[in-house]
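Written out below as structure tokens is the structure these notes cover.
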Amino acid sequence: MPVHRPSVPSNQPGPSDASTPPFNAPAARRMRAALGMGPEHVAHTLRVSYGLPYATPDLVTAWERGIASPSSPELTALAGVLWCSPGELIGRPRTLREHRVARGLPAEEVARALGLDLARYQRMEDGGGWRGTERQTAALARVLDLALPDFVAVTDREAELAGLLRSAVGTRWQAYVRPVGKLVPMERQQLERALQQLHQDYQGQVVASLSWGGNSAARQSGDAGRDFLDRIVERFWETARP
Numbered sequence: 003m004p005v006h007r008p009s010v011p012s013n014q015p016g017p018s019d020a021s022t023p024p025f026n027a028p029a030a031r032r033m034r035a036a037l038g039m040g041p042e043h044v045a046h047t048l049r050v051s052y053g054l055p056y057a058t059p060d061l062v063t064a065w066e067r068g069i070a071s072p073s074s075p076e077l078t079a080l081a082g083v084l085w086c087s088p089g090e091l092i093g094r095p096r097t098l099r100e101h102r103v104a105r106g107l108p109a110e111e112v113a114r115a116l117g118l119d120l121a122r123y124q125r126m127e128d129g130g131g132w133r134g135t136e137r138q139t140a141a142l143a144r145v146l147d148l149a150l151p152d153f154v155a156v157t158d159r160e161a162e163l164a165g166l167l168r169s170a171v172g173t174r175w176q177a178y179v180r181p182v183g184k185l186v187p188m189e190r191q192q193l194e195r196a197l198q199q200l201h202q203d204y205q206g207q208v209v210a211s212l213s214w215g216g217n218s219a220a221r222q223s224g225d226a227g228r229d230f231l232d233r234i235v236e237r238f239w240e241t242a243r244p
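Written out as structure tokens, the structure reads:
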């Protein structure tokens with residue numbers, strides 16, 4: 003669903019960056035209340051101290067109600083007003099840009115740490131997909147402090163991982179330890195345990211569905227299997243958790 007920002011007068015500049023990280027509206031509302039501030043105080047500080055002349059109490063209220071979402075610069079400014087980090091005001095990051103914003107890092111700093119030209123790095127953030135070398139990929143995980151599931155998602159390996167896992171639970175899981183290990187930097191023993199458990203869970207669910215009997219058994223088995231495979235990556239991370 004598109005997010006509509008309250009209209010900004012034509013003689014006032016709008017935000018320079020239209021990207022909208024996942025915003026945690028209830029957290030923003032709680033933090034403002036804890037500081038004893040009203041929306042008008044937040045708006046005033048955004049205007050005076052952070053150079054957002056279009057900020058109004060109505061805009062702050064719209065953010066807190068989930069009617070609108072702050073852009074990356076607006077979120078950083080709001081975090082400054084509320085004395086918190088940008089990461090405390092966003093939901094679980096999903097993209098490369100969202101992880102960077104959650105850490106409060108400018109694109110220039112990340113690009114420099116990775117040894118990338120800024121324009122190339124920004125193309126990756128804009129949807130071009132991660133195209134870094136092995137060394138740059140390792141540096142990305144360190145700079146953004148990525149958990150393993152986030153690392154796989156941000157480096158565009160999730161779809162390939164899902165395909166391998168679907169094959170592993172339907173055939174011999176042992177044949178997929180090495181291919182999955184190339185995508186997921188995980189200890190081999192831990193990876194083997196996860197794949198074996200995932201295979202057993204899938205096969206057990208399908209067999210249990212078929213044993214229910216009745217004319218609908220095959221359909222129920224198919225539904226159960228499809229649901230399992232649709233959430234295969236999520237189940238893998240749950241199973242691989244130490």
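Residue numbers (our numbering): 3 to 244. A virtual CB, placed ideally from N, CA and C, is assigned to each residue, including glycine.
Check                                                                                                        : Outcome
Supposed close pair T58, A45 - CB separation, criterion 8 Å                                                  : 5 Å
W175 classed as buried or exposed, judged by whether at least 16 other C-beta atoms fall within 10 angstroms : buried
8 Å Cβ shell around M3 - same chain, five flanking residues per side excluded                                : Low confidence applies to M3: its pLDDT is 33, below 50, so where it sits in the model is not reliable, and the reading given next is rough at best. There are no such residues.
P17 versus Y56 - alpha carbon distance                                                                       : Residue confidence is low: P17 scores 41 on pLDDT, short of 50, so the model does not pin down where it sits. No coordinate-derived value is stated.
From V50, E100, C86 and S51, residue whose alpha carbon lies closest to that of S73                          : E100
Alpha-carbon to alpha-carbon, A149 and N26                                                                   : 20 Å
Q192 versus D152: straight-line alpha-carbon distance, rounded                                               : 18 Å
Assigned exposure category for V50 - 16 Cβ within 10 Å defines buried                                        : exposed
Integer-rounded CB distance, given that L185 should sit under 8 Å from V154                                  : 7 Å
Sequence-distant residues of its chain with Cβ nearer than 6 Å to D232 (five each side left out)             : none
Bridge-paired residues (DSSP) for F25                                                                        : I92
Which listed residue (L166, D158, P75 and A64) has its alpha carbon closest to that of G1                    : One cannot answer for residue 1 here, as it falls past the ends of the chain, which runs 3 to 244.
When V145, A79, L163 and W85 are compared against L98, the one with the closest alpha-carbon                 : V145
Inter-residue Cα distance where the pair is A36 and P108                                                     : 28 Å
A164 to Q199 span [Cα, whole Å]                                                                              : 16 Å
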